[in-house]
Amino acid sequence: MNKITYKNVLLQTFRDFIAFCEMNNLMYYGAFGTVLGAIRHQGLIPWDDDVDVYMPRQDYNRFIALKQKVPTGYEIVDYDNEGYFCNFAKFSNANTTILETPELPFVYGIFIDVFPLDECSESIDKNKEILREYSRSYFKFFKACREYRLSALVMPKNKTTFIFDVKTIMNFFYYHRLYKKTLQKMKDIEIKLQAERGNYYCRYSPILKECRVYPKKWFGKGVFAKYENLEILIPQESDLYLKKVYGNYMQLPPIEKRNSGHSHYFVNLNERCTLSTIKKELI
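So the sequence shown is numbered by UniProt numbering: it starts at 1 and just counts up by one.
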């Protein structure tokens, strides 16, 4: 993979995402390493390879509703796309290909991660209770999604036996039903989350098993910050936000920890490949 080309496509995708948000009056804020990159590096963290943004839930829901109106060459992917396994959306470049891991065979392109922010109260106990319920549902959903998608897994030649195929087919039908059931449960919980009101924003992360809570006033109307050749919106109180997330955020991590932490099992920067095409190329 050509890292310079990858970075250029990622930044163009971010540029077009911002234009799409501005055209549709959608509020967004840089999130996590994207805020850190803007403040500490004035752009992408040198060893990072993705862009993260938040959207208040109301804007996020409108963003999802605009799936059919994205610019040519892009797509919005969320868990209404069959087999998608994250509890947040991606604004994806439809002319590129990323398969992050063969264990979760779902294809998208170079992407912007879009995380919804829900309102919540300061009640730690209540937030933990919601997180437990949400996490239980998410991990059931995640397992069901992974198992039923195994029928499309990029398999080595020595596993194409009759017994393996029968097992795969049985798994597909069983876990596909479970996938539908757990997906609906996830949606039901998110409807409850959207009914919550308070002076805080929260981001429930089942993978990290945490509920990140921030005062809404930290975000406000956002402020512009330089990010490579772009001007992006970040939380109004970015210093407080970064201290909460990273502590002493201006200190560089040790060299051995300077990695993105993301998997890129298969990447094509020139076209969108199907799973069957990827399978043929890798076998």
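We put the CB at the ideal spot given by N, CA and C, even for glycine.
Status (buried if at least 16 other CB within 10 Å, exposed otherwise) for GLY247: exposed
The stretch 166–186 / the stretch 208–219 touching (three or more Cβ pairs under 8 Å): Put simply, the stretch 166–186 does not touch the stretch 208–219. Fewer than three CB pairs are less than 8 Å apart.
C-beta atoms of VAL53 and VAL114 nearer than 8 Å: yes
Neighbourhood of residue 291 by C-beta distance below 8 Å, restricted to the same chain and skipping five residues each side: Because the chain here runs from 1 to 283, residue 291 falls outside it and cannot be looked at.
Coarse secondary structure for VAL35, derived from DSSP in three states: helix
Assigned secondary structure, CYS211 (DSSP; H/G/I helix, E/B strand, else coil): The answer is strand: DSSP assigns CYS211 an E or B state.
Spatially closest choice to LEU230 from HIS41, SER238, THR72, THR101, by CA coordinates: HIS41
In chain order, each beta strand (DSSP E) run of at least 3 residues that lies wholly inside the stretch 30–115: 51–56, 74–77, 89–93, 97–99
Cβ shell of GLY43 (< 7 Å), same chain only, five flanking positions each side left out: GLY37, TYR227, GLU228
Residue of LYS216, TYR108, ASN24, PRO253 minimising C-alpha distance to PRO46: PRO253
Beta-carbon separation (whole angstroms), PRO206 vs SER135, contact threshold 8 Å: That pair is a contact at about 4 Å.
Nearest to GLU147 (by Cα), restricted to the options ASP125, LEU104, TYR108: LEU104
At least 3 beta-carbon pairs within less than 8 Å: the stretch 235–245 vs the stretch 60–67: no
Contact set for LYS7: own chain, Cβ-Cβ below 7 Å, skip 5 residues either direction: LEU44
Best match in ILE18, LEU10, PHE106 for proximity to ILE232 [C-alpha to C-alpha]: ILE18
Helix, strand or coil at SER276 according to DSSP, with G and I counted as helix: Correct three-state label for SER276: helix.
Proximity of GLY83 and CYS21 at Cβ, strictly below 8 Å: no
Contact test: VAL107 Cβ vs the ligand MG heavy atom, cutoff 7 Å: With respect to small molecules bound, the structure shown includes none, and the ligand MG cannot be examined in it.
Short Cβ contact (8 Å threshold) for PHE85 with PHE142: Cβ atoms of PHE85 and PHE142: closer than 8 Å.
Cβ pair ASN268, THR97 closer than 8 Å: yes
7 Å CB neighbourhood of LEU10 in its chain, flanking five on each side removed: VAL51, ILE110
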